[in-house]
Structure formats: C-alpha cells, structure tokens
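According to the working numbering, the sequence shown is numbered sequentially starting from 44.
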Amino acid sequence: MDQQEIRALLEQVAAGKCPVDQAILRLKMEPFQDLGFAKVDNHRGLRQGAAEVIYGAGKTPSQIRDIAASLRQQGEKAVLITRMSPEAAQVVGEALPLTYYEMGRVGIVGDMPPVTGKGTIVVATGGTSDMPVAEEAALTAEVLGNHVTRLYDVGVAGLHRTLSHLEDIMSARAIIAIAGMEGALASVIGGLSDCPVIAVPTSVGYGAAFGGLAALLSMLNSCASGVSVVNIDNGFGAGYLASMINHL
C-alpha cells in the first residue's frame, strides 16, 4: 500500500465510508516479510512513495520469482525488476503476469500504472549503444507513473540531431542525458534546458573510456548549471530521481 492508497483509505474513514476496524486491519501489515533468503520491505511504498524494486543481478530466478510474488501478495500492482536475465524472465513469467523488456533487461510484473507525474521526462542518449541503459531509465520512470519522451542517438557528433528536438528539451520537467565516450551530451543539454538534468555515464567506449570513467569525470566537471550525475550505467537511479522531481 503506497502513500496515495493510505490517504484514500483515511479519507474514507473520515467520510464514514470505511469502519475504523476495517482500516486498522488493512494497515496492520508486517513491516517486512522474511523469506529466509530475503526480507521483503512491505512498507517502502508508505515511507518513500514507491514500492521496493527487485535488483535481479546476482539473484537466482526462483529468488526473483518469490520476492515478486511476496510483493504482489501485499497488494503491489506493478513490481519492477531491473538487471533481469532472459532465463529469470522465463521462470518468473511462468508464475506471474510478467512483461519482459530485453533491451533494458527490465521486467514488470503487473500493469503499468496511470500517469501521475506533472509533466514529461525526456530520456536522451548520445548513441544507439546507450539504449540499454536508457531503456532501464525510461521504464523505471514509466512504472513510477510518468510520461516519458525518448530521444535516442542525438549525440554531439551530429549536433543538429540534438537541436532538432529543442521543443522537447525546453518543455521537459526533468531530463536524463545518457552518454558514453566523452559524455559531452549532458553539458550540451544542460545548456539548453531550464529543468534539472540527470547525467548517466555509460561504459560505452574504447580503451581510454575506462569503462565509463572518462564520461563520469566529464559529466562531474560539466560547466552547465543544473546537471547532476549518477553512477556509471545506473539507468534505474536516474529514472527514479527524475520521477521524484516530476512528482514534486
């Protein structure tokens, strides 16, 4: 049960439409469920506004399935699974209503929620090779109730591609700029927009890119105001932060 559902329940009690004892019963959930190998946080939606997200890397397919099933049993309508392998998707999909997005290695158990964000989140990439990280960011934002516009392959090697989307860039409430190599896209977009820009360095690039470190350092040294940076390849973190901004 998230914050919106708690508010709706309390409003029903205040209006006399829901008995107090019934409301207490709905609220009287364990703060976490111990599965032995995991302690599933059932109150995260109440504390933070979004339910626990399952990080799939390092977990077995059956562990992912059981954690997702636990969250569904507690009333979560959409469970987000990141860094999910096709093998795990097959196991989870046999037991739960899963939609798997192979490009971003993202699984969503349940249905996408209605849009509740106040504006649009733009997800832009420097190149096509950055799309897996971008899809993780975009799908994270969408499952958290946001409208997302994707601008892929608009890097600075062909700046006219970026400039052809000025209306999208200037009207966004938050922008996620994703790039490898030298990571220049974040500075360019930061200089064109009046909203927060979340830069995501990717591990795309030749040897001197050092697995994304070069892009990370470039983004941290951006001369454009309003640019913040998340970790290398962390599309999820960028999508989550952008959602928080778009719901303020």
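No residue lacks a Cβ here, since even glycine has one placed at the ideal position from N, Cα and C. All values reported here derive from a predicted model rather than from experimental measurement.
Rank S246, I232, V63 and V247 by C-alpha distance to the C-alpha of S271 and give the top, closest one.
-> Measuring from the Cα of S271, the nearest candidate turns out to be I232.
Bridge partners of A242, per DSSP?
-> DSSP, once it has assigned bridges, lists A220 and V272 as partnering A242.
If you run the structure through DSSP and keep just helix, strand and coil, what is H290?
-> Assignment of H290 by DSSP, reduced to helix, strand and coil, places it in the coil class.
How would you label N277, buried or exposed, when you count the other beta carbons within 10 angstroms and need 16 or more for buried?
-> In this structure N277 is buried. Its beta-carbon is surrounded by 16 or more other beta-carbon atoms within 10 angstroms.
Extent of the continuous beta strand (DSSP E) run through T142 = Element bounds for T142: L141 to Y144.
Please work out which residues of its chain come closer than 6 Å, Cβ to Cβ, to G169, disregarding the five sequence neighbours upstream and downstream, and give them in chain order.
-> Excluding residues within five positions, the ones whose Cβ falls inside 6 Å are G198, A222 and L228.
Check each candidate in V135, Y144, A180 and S128 and name the one with the smallest Cα separation from I110.
-> Checking every option, the nearest Cα to that of I110 belongs to V135.
What residues match up with H190 in a beta bridge as DSSP calls it?
-> Bridge partners of H190: T163.
For A51 and chain B, any beta-carbon pair shorter than 9 Å?
-> No chain B appears in the structure shown, which is made up of a single protein chain.
Beta-ladder partner(s) of L260, from DSSP | Note: L260 sits in no beta bridge, so no partner.
CA-CA distance, L182 and V176?
-> The alpha-carbon separation between L182 and V176 amounts to approximately 10 Å.
Is DSSP giving G150 helix, strand or coil here?
-> For G150, the secondary structure class from DSSP, reduced to helix, strand or coil, is strand.
Is the stretch 111 to 131 touching the stretch 145 to 162 in the sense that three or more CB pairs, one from each, lie closer than 8 Å?
-> Look at the beta carbons and you see the stretch 145 to 162 touching the stretch 111 to 131: at least three pairs across the two are nearer than 8 Å.
Range of the contiguous beta strand (DSSP E) that encloses L123 = Counting along the chain, the unbroken beta strand (DSSP E) around L123 starts and ends at A121 to T125.
What three-state label does DSSP hand T294 in the structure shown?
-> Beyond the ends of the chain as shown, which are 44 and 291, falls residue 294; an answer cannot be given.
Helix, strand or coil at Y98 [DSSP, three-state] | Under the three-state reduction of DSSP output, Y98 falls in the strand class.
Where T245 and T192 are concerned, what is the direct C-alpha to C-alpha distance, given to the nearest angstrom?
-> Approximately 20 Å, taken between the alpha carbons.
Got a sec, what are the start and stop residues for the alpha helix (DSSP H) A111 sits in?
-> Segment P104 to Q116, the alpha helix (DSSP H) holding A111.
Closest by C-alpha distance to L291, when choosing among I275, F279 and K161 | When only C-alpha atoms are compared, the closest one is K161.
Integer-rounded CB distance, given that A167 should sit under 8 Å from A220 | So it is a contact: roughly 5 Å between Cβ atoms.
So which of S286, G153 and A257 has the shortest CA-CA distance to A215?
-> Of the listed residues, the one whose Cα sits closest to A215 is S286.
Per DSSP, what kind of secondary structure is E225 in: helix, strand or coil?
-> The DSSP-derived three-state label of E225 is coil.
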